[in-house]
Amino acid sequence: MESEDSNLVKSWMRSKISVPSEATIVEVAEVMTSEDVGSVLVTVNSVEEGILTERDLTRKVLAKGLDPKTTKAKEVMSTPLVTIPQDATLWEAAEAMSRKRVRRLPVVDEQGRVRGMISTRIISYALPLMKTAKSRILQLIRTDKDE
Numbered sequence: 014m015e016s017e018d019s020n021l022v023k024s025w026m027r028s029k030i031s032v033p034s035e036a037t038i039v040e041v042a043e044v045m046t047s048e049d050v051g052s053v054l055v056t057v058n059s060v061e062e063g064i065l066t067e068r069d070l071t072r073k074v075l076a077k078g079l080d081p082k083t084t085k086a087k088e089v090m091s092t093p094l095v096t097i098p099q100d101a102t103l104w105e106a107a108e109a110m111s112r113k114r115v116r117r118l119p120v121v122d123e124q125g126r127v128r129g130m131i132s133t134r135i136i137s138y139a140l141p142l143m144k145t146a147k148s149r150i151l152q153l154i155r156t157d158k159d160e
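Numbering (this note's numbering), first residue to last: 14 to 160.
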């Protein structure tokens, strides 16, 4: 049976990957590659203050002719962070992403601390699975009634 928490962001979020604000764009790209992620959180004094995505690297660094060896994460990160509570539903996360025109959201706990990340890719994978599971459960219930 489907868990009550299965439609919550906290059940689907991925680990957060962070870089210090002083990291160069080359270092950021190396982290993204080694961790196989499309975004990293940028920390200032160990607190997540911004986000950098592959798209940011293309548009804010390469397209503007900035040197990725000397440009720092803090110079091109997107701020403020748009976050979602860990107890929000996947639908709420999808709506927030649509409203804010972002593809990734840091997931925060009750104290506002970042605990993970949720992306449109994860949501697009999870929602059909949940719909299929719900359909199967309803089919089983109907079958049980018919017997």
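Virtual Cβ for every residue (Gly too), placed ideally from N, Cα, C.
*Consult DSSP for residue 21 and reduce its assignment to one of helix, strand or coil.*
Within the sequence shown, the letter at position 8 stands for residue 21. Note: residue 21 maps to strand in three-state DSSP.
*Do you know offhand how far residue 80's Cα is from residue 89's?*
Along the sequence shown, one-based indexing puts residue 80 at 67. Along the sequence shown, one-based indexing puts residue 89 at 76. Spanning the two alpha carbons is a distance of roughly 12 Å.
*Below 7 Å CB to CB, which residues in the same chain sit around residue 107 once its five sequence neighbours on both sides are set aside?*
Your numbering for residue 107 matches position 94 in the sequence shown. Excluding sequence neighbours, residue 107 sits near 136.
_Contact check, residue 22 vs residue 103, beta carbons under 8 Å_ = Looking up residue 22 in the sequence shown gives position 9. Looking up residue 103 in the sequence shown gives position 90. Their beta carbons are under 8 Å apart, which means residue 22 touches residue 103 by this criterion.
*asked:* When you compare the CB of residue 70 with every CB in chain C, is at least one pair closer than 8 Å?
replied: Here chain C cannot be found, since the structure has a single protein chain.
*What are the partner residues of residue 131, as DSSP defines its beta bridges?*
Stepping through the sequence shown from its first residue, residue 131 is reached at position 118. 118.
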